[in-house]
Amino acid sequence: MAHMTPGLSIALTLTLASTLAAAQEVPPLLVLPSKAIMLLSETRTFRAVGKDGRIRNNVAWSISGSNDAEITTNGDEATVRALNPTRNLVLTANFAGDSAQASIEISSEKVLK
Numbered sequence: 289m290a291h292m293t294p295g296l297s298i299a300l301t302l303t304l305a306s307t308l309a310a311a312q313e314v315p316p317l318l319v320l321p322s323k324a325i326m327l328l329s330e331t332r333t334f335r336a337v338g339k340d341g342r343i344r345n346n347v348a349w350s351i352s353g354s355n356d357a358e359i360t361t362n363g364d365e366a367t368v369r370a371l372n373p374t375r376n377l378v379l380t381a382n383f384a385g386d387s388a389q390a391s392i393e394i395s396s397e398k399v400l401k
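Each residue of the sequence shown is one higher than the one before, counting from 289 in the working numbering.
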């Protein structure tokens, strides 16, 4: 498993806590971040996290729109590279019979506003 920096660990914990606080029923699996807006050629790393807050290993990852984004996985994380502008990519994580999704938009802008 890849090592996390203290900053990433804190960010994951805060994101998970805020996501769980907003939900009445805790989902068994989350993809973090759950939403992303990316620029062309940008890469972003996503992780699958269980309701106990632990990062899951041996996750099966997939992405819709394989012409619009490239995905590289190593089991506990997926790195997505934006190839073409689109508004509706879905990154899916499957682990132990559970699945979770993140929505990804790829902007054609040179910078995000």
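Just so you know, even glycine gets a beta-carbon here, dropped at the ideal spot from N, CA and C.
Contact check for V319 against A388 passes: the beta carbons are separated by less than 8 Å.
A direct Cα-to-Cα measurement between S322 and G353 gives close to 17 Å. In the DSSP assignment, D386 forms a beta bridge with F383.
Excluding residues up to 5 positions away in sequence, L371 and N372 lie with their Cβ nearer than 8 Å to the Cβ of N355 in the same chain. Nearest Cα to L377 within the set V399, R344 and I325: I325. Bounds of the beta strand (DSSP E) holding S350 are A348 to I351.
Taking C-beta atoms as the reference points, E358 and F334 fail to come closer than 8 Å.
Spatial neighbours of L328 in its own chain (CB-CB distance under 6 Å, excluding positions within 5 residues in sequence) are listed in chain order as A370. Between the C-alpha atoms of N345 and K398 there is a straight-line separation of about 34 Å. According to the DSSP assignment, V314 belongs to no beta strand (DSSP E), since it is labelled neither H nor E. In the three-state reduction of the DSSP assignment, S396 falls in the coil class.
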